[in-house]
Structures are given as C-alpha cells and as structure tokens.
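What follows is a single structure, written as structure tokens, with notes after it.
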Amino acid sequence: MAESITIIDNRTGDSTEIPLTNGGVSAAEFSKLLPGVWFYDPAFMSTAACESAITYLDGDAGVLRYRGYPIEQLAEHSTYLEVAYLLIHGELPTPDQYAEWSHEITYHTFIHENVRKRFLEGFHYDAHPMGMLVSAVAALSTFYSDAKDIFDADARYKQIIRLIAKMPTLAAAAHRFSVGMPFVYPDNSLDFASNFLSMMWKVAEPRFEADPVLARALDVLFILHADHEQNCSTTAMRVVGSSHADPYSSTAAAAAALYGPRHGGANEAVIRMLTEIGSIENVPAFIEGVKAGNGRLQGFGHRVYKSYDPRATIIKHTADQVFEVTGKNPLLDIALKLEEIALSDEYFISRKLYPNVDFYSGLIYQAMGFPMEMFPVLFAIPRTSGWLAHWSEMLDQDSKIARPRQLYIGTDERDYVAIDGR
Ligand SMILES: CC(C)(COP(=O)(O)OP(=O)(O)OC[C@H]1O[C@@H](n2cnc3c(N)ncnc32)[C@H](O)[C@@H]1OP(=O)(O)O)[C@@H](O)C(=O)NCCC(=O)NCCS
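Just so it is clear: in the sequence shown, position 81 is 81 by my numbering, and no numbers are missing.
This is the structure in structure tokens:
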C-alpha cells in the first residue's frame, strides 16, 4: 500500500494494515478490516462527515476559499449575489448568467401575504427576530407544494432562488414587527443589500436611498458569511436534508443551529463584553482577569483558524469605511486596545488566539443601527446560499441518511416493576 498505518490488536496479536486516503482513514475500509471496532468522536472533532467541493479552509495557514477563489479576492471584487451563484453552481457566472440570476433573485423577494399577515403578525410583540425567522422559513414549505420534489432539477432550483431571495424580506419583516413598524415591500429596482436596507429602515420617503458605502459594506459582510464548510448549521442542513426533508424545513433547522450563542451569537457577546469593560483604562485589568481564568476574550480564538482568521482582516478594513459614514462606534477604542494588548501578550500568542470575524462584525452592525437581536439574522441571510449549496451537493452525492452510532452507557436489562412496587 502506498500510504497506510498498521494497527496491532493486542487482544489477539494480529496486525492490520489500514490504507490512508487523502491523509485520513475511510470508515468503510476500517470497519471491513477491523469489524466491530468503532470510533467515539462526539462533536466530530476527527471525523470528515462528507466530501465537499464548495469551500476550502486551512486553519493553520489562515486560508479560506469558495470554489477555489480566495476570500480576499471575492470580498474586494465580487458581490454577494455573484458569490451565491458561485457557491450554488460551482463557477462564476458569465454576464448573461449573472443578469438572469440577479433578475430571478430580485423577482422572488416577495413573500405570500399570508406569511406576513397571518403568520408573522401572530407573534408576540417582543418576539426575537431570529425565532420569527426560523419559524417563518419552516412555514414557507407549506406554501410551495413543489418543494418536496427535491430530485426534480427545476423544482429544486426554484426553491434555491426563493430561499435566497426571501431571506432578507423575512429578516426585515421580523425586525419591523419587533419594533412596531409597518412592513416594507421589496423594491425590485434596488440591489440585494440596498433592498434589504430599504426594507429595514424605510419610513415615509417614497424611495429609500441607502448610503452606497454602507450597502457595499453589508454586501462584503454577506460575502464573508456566505459559507464556512462543515460548521454546526451547515452540518444541521446536511443531516436534516439527508432525510430528504424539503429545503425550507432543512434551512429552518440550519437557522435554528445558527440561533445558538456558540454559533451565531459570538458578535453579540463581543458587544456585551466591550460595553461591560466600559473604557480603555479598564482593558489591562480585564485582560489579566481573562488570563486568570475569569471568562474568555470574546471574538478571539477559533476552533479551526490557528494563525489568523482571514475574514477578520477584511472586516477591519470594512469597519474603517463604515465608521467614516456613521461616525466611530464608541466601543471601537476599547476593541483596538484589547486587540493591541492581546496580540503582544504571551498568553494569547502561545495559544494562537487571534481576533476572529466576530470581533469586528458586531461593531459594524451596531454602528449601522442594527439591534443586537438582529446579529444572528444578519448571519442567516447570506449563509442561506452556503447551506443550499451543501444541501444540493449532498443530494447529488446520493448520500445516505445521517445516522451516527452511540456508546450506550445506561443500565443493563432489568424487569419492569409496577408503580405501587417502586
Ligand atoms: C472559538 C473557541 C470556542 C475555540 O475554542 P477551542 O478551539 O475549543 O479552544 P479551547 O477551548 O480548547 O482553548 C485552547 C486554550 O486557549 C484558551 N482560549 C481559547 N479561546 C480563548 C479566548 N477567547 N480567551 C481566552 N482564552 C482562550 C483556552 O482557555 C485554552 O487555554 P488552556 O490550554 O490554558 O486551557 C474559543 O476560542 C472561544 O471560546 N472564543 C471566544 C468566543 C468566540 O469568539 N467565538 C466565535 C468563534 S467564530
């Protein structure tokens, strides 16, 4: 064998040669060679659950690429809609393909009136917008009977368009409802990000003119958040999708995973931390507290990136542009001081802890006027294209239903005891 590892079974003295494929061990091969021996791997720390051609990530080198294109180049030259096309189709669009894609997305931004009137308006007045979004996306499956035809190429494509297009509309509707403002219909003459800003902020003006710098900044943030390979919500999408649930139900499951503070809530934790620190003078004491084990420096460190998060570098630049329009977020100086001290401190250097994408994204969103409850919603809008790219890829791979094994740790068999005998 070209590349292999040899395992000696100390129970029997037998040795088994296991082939290495792409630097890993295929469970199918492993179980043939060592029947009955299995892996205990909660949280999939050492398990590749699928093959994927969508996003490449090298955490040690700080590399992130969508379909081979470096994130830095996409953030500088592309638009979110073009990136969404790239994720779904695997190639950048030609001018004609892009024109058609943009047209399709733009003309599917409206939601059925019943989704808004009967469904969204049924929520309690202080409903969390992310809870509303998760439920509304699931509810959409009941409006499109062809959503279940997941192996019909046209039907599948139509749902992909609908989901990418309607996400900003649902997101803005959830926000408007939670602040008691009337719903704003999509404006088909606007680009994706400007249209979302219009649905968020329009009051009585005939046409909402988003500041182009802010619209572009939001589009860049959408590009940066569009995909991140097998993260928790994408895994949820693939797992639920593997049961052949319709894409709205699968996307709702993915969005539900994103709702959790460990996934979509880190930038909110950064804002809360900066607010709690309160002023630059308190930064050194806060850092000492973190080093002594009192909590974590939010927005620092990453499960995968161990040199730097390439998205953080881009986002810092975007933050400067946004603050020139909105005025500086008063928390920025605290963030910069934290970063300066942490990056020169042995504790953070030796543990390879660098600012991640969430360290600055919350500051930008806050400066743009988004309430903190909207942060995970702002993440879900672009991530929908990534989720759908993975869902479609998984279906094309004719993947089996996801069904991990377990290590049973309960009691052995015992006899039932009637209630009066317990
Ligand atoms: C993202 C995160 C969960 C990754 O964690 P991980 O890869 O499992 O790393 P570990 O929890 O094993 O941490 C490794 C070491 O670094 C320390 N560490 C990790 N992140 C830290 C942080 N943000 N602040 C202070 N110390 C940190 C741990 O205490 C641990 O130290 P030890 O070896 O002395 O025990 C973690 O870095 C974190 O909690 N960051 C803050 C939250 C955040 O920004 N999340 C958004 C991610 S996009």
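From the three backbone atoms N, C-alpha and C, an ideal C-beta is built for every residue, glycine too.
Keep in mind it's a predicted model, so treat the numbers as computed, not measured.
For LEU74 versus ILE223, is the C-beta distance shorter than 7 Å? Yes, the pair counts as a contact, with Cβ atoms nearer than the cut-off.
Suppose you measure from the CA of VAL325 to the CA of ALA226; what does that come to, to the nearest Å? 25 Å
Through-space distance from PRO310 to LYS291, alpha-carbon basis: 25 Å
Taking its Cβ as the centre, do 16 or more other Cβ atoms sit within 10 Å of LEU81, making it buried, or is it exposed? buried
Going by the DSSP bridge assignment, what does GLU17 pair with across the sheet? Partner residues in the beta bridge of GLU17, as assigned by DSSP, are THR6.
TYR416 to GLN406 span [Cα, whole Å]: 24 Å
Determine whether the beta carbon atoms of ALA172 and ALA252 lie at a separation below 7 Å. no
Return the first residue and the last residue of the beta strand (DSSP E) that ASP333 is part of. From DSSP, ASP333 is part of no beta strand (DSSP E) but of the alpha helix (DSSP H) over 332 to 343.
Taking the alpha-carbon of HIS175 as reference, which of ILE150, PHE208 and ALA127 has the nearest alpha-carbon? ALA127
Could you name the residues that DSSP lists as bridge partners for ARG65? DSSP output for ARG65 lists TYR56 and PRO70 as bridge partner(s).
Please list the terminal residues of the continuous alpha helix (DSSP H) segment that includes GLY386. 375 to 396
PHE300 - DSSP class collapsed to helix/strand/coil: strand
Starting from CYS232 and walking both ways along the alpha helix (DSSP H), at which residues does that stretch end? Where CYS232 is concerned, the enclosing alpha helix (DSSP H) starts and stops at 232 to 241.
Secondary structure of PRO186, DSSP reduced to three states: PRO186: coil per DSSP, three-state reduction.
Cutting at 7 Å between CB atoms, please list the residues of its own chain near ILE277, excluding the five before and the five after it. VAL283, PHE286 and ILE334
Would you say the segment 204 to 222 touches the segment 36 to 52, given that touching needs at least three Cβ pairs under 8 Å? no
Could you pull out every residue in the same chain whose Cβ sits closer than 8 Å to the Cβ of ARG262, ignoring the five residues on either side in sequence? CYS232
So, helix, strand or coil for PRO355, using DSSP? strand
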